[in-house]
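A short worksheet on the structure shown next.
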Amino acid sequence: MHTDTHGNPTRATILWLLLIVATVLTWAVGERGSSGVLIVAFLAVLSIAKGSVIILDFMALRRAPLMWRVLTLGWMALVWALIGLAYWNGMPT
Amino acid sequence: MNTATTAALSVAPAITVERRLAGDLAIWIFILAELLAFGVFFAAYAFTRANHIELFDAEQVALHRDAGALNTVLLLTASYFVVRAVQAAERLASAASARWLLAAMVCGAGFVIVKLFEYSAAFEQGVSLSSSPFHMFYLSLTFFHFMHVILGMVILGAMWFGARAGRYRPGDMNGLETGAAYWHMVDLVWLILFPLVYVIH
């Protein structure tokens, strides 16, 4: 019999609250209208942190074979690297 | 000898729990394909923006950022409710599992309503696929995602019926976990889409 693949409700609730806090932070950056490489890096870190919670805890890939974590977390890192590269390319010189 | 057998038995289940993919292998292959498609789309947006920075920045300001943020909260909350539904089924609480799934569907419906309001406001302002490169990306990216939310709602509905019928229990969770994985993927993609299209400039 398998149990606990999906963690416990208390942990899930704390993670959900953290996800909401991170979303409010992202929204606040938008409200301030800040821009620049550091802001993009900050938003990328928030997005990757939130995505990691979804991938590792909500999708339960923490308990899956390593390959699945590499593919999904690697996808997030690659997409944000490309977004960062494009942003850098578009900076006024 | 008895002690040795007991020790072996107590170790074995821990190992099987350690390495398990939650849900059908097929849905995970599908999820990887979806992530790849969205990834290409996101990169195309970012590199197109690099060539039209002033246009993208000017038109992004007109988006309903509050609606985008509210929809992020709704998707995250729906995902959390789905997690609670899976956890409830894992401890044999089918009725509670069904209630969590219903709550997730309410959040999903909220996303759809907010999105439709956002689209109708945009259309009134003359936003269309051909009105600018930014609008083309904004509409096609968010609509591609929107279609996934709609399919996700149908899947949540099927999971809700299954939970009500008491179909999911420890050792027989595949249907529930497969649908949950798809819903979380829809959420995951939005976590990049929102900052990329609504905030970064």
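Each protein sequence line maps, in turn, to chains P and U.
Residue numbering for the first sequence follows numbering that gives the first Met the number 0, starting at 0 and increasing by one per position.
Residue numbering for the second sequence follows numbering that gives the first Met the number 0, starting at 0 and increasing by one per position.
C-beta: ideal position from N, C-alpha, C; glycine also.
- Taking CB atoms only, residue 69 of chain P has no neighbour in chain U less than 9 Å away.
- Residue 168 of chain U is bridged by DSSP to U:171.
- Cβ atoms of residue 137 of chain U and residue 196 of chain U come within 8 Å of each other, at about 6 Å.
- Listed along chain U are 199, each with a C-beta nearer than 7 Å to that of residue 39 of chain P.
- By the rule that beta-carbons nearer than 9 Å mark a contact, residue 147 of chain U does not touch chain P.
- Scanning chain U for C-beta atoms nearer than 8 Å to the C-beta of residue 72 of chain P yields nothing, as the closest lies near 11 Å away.
- Contacts with chain P at 9 Å (Cβ-Cβ) include residue 27 of chain U.
- What residue 53 of chain U touches in chain P, judged by beta-carbon distance under 7 Å, is nothing: the nearest beta carbon there is about 10 Å away.
- Between the C-alpha atoms of residue 86 of chain U and residue 104 of chain U there is a straight-line separation of about 17 Å.
- Nearest in C-alpha terms to residue 58 of chain U, of all of U:130, U:35, U:184 and U:140, is U:130.
- Scanning U:164, U:126 and U:135 for the CA closest to the CA of residue 61 of chain U turns up U:126.
- Interface flag for residue 100 of chain U against chain P is unset, since no Cβ pair is found closer than 9 Å.
- With the criterion set as a beta carbon lying under 7 Å from some beta carbon of chain P, the members of the region 79–92 of chain U are 79, 82, 83, 85, 86 and 89, in sequence order.
- Between the region 23–41 of chain U and the region 107–121 of chain U there are fewer than three C-beta pairs closer than 8 Å, too few to call the two in contact.
- Minimum Cα-Cα distance from residue 102 of chain U among the listed residues U:123, U:27 and U:80 corresponds to U:80.
- Residue U:174 holds the alpha-carbon nearest to the alpha-carbon of residue 158 of chain U among U:27, U:123, U:55 and U:174.
- When C-alpha distances from residue 20 of chain U are compared across P:4, P:82, P:41 and P:38, the shortest belongs to P:4.
- Among the residues of chain U, those whose CB is under 7 Å from the CB of residue 28 of chain P are 198, following chain order.
- Going by beta carbons, residue 143 of chain U and residue 51 of chain U fall outside the 9 Å limit.
- With a threshold of 9 Å between beta carbons, residue 173 of chain U makes no contact with chain P.
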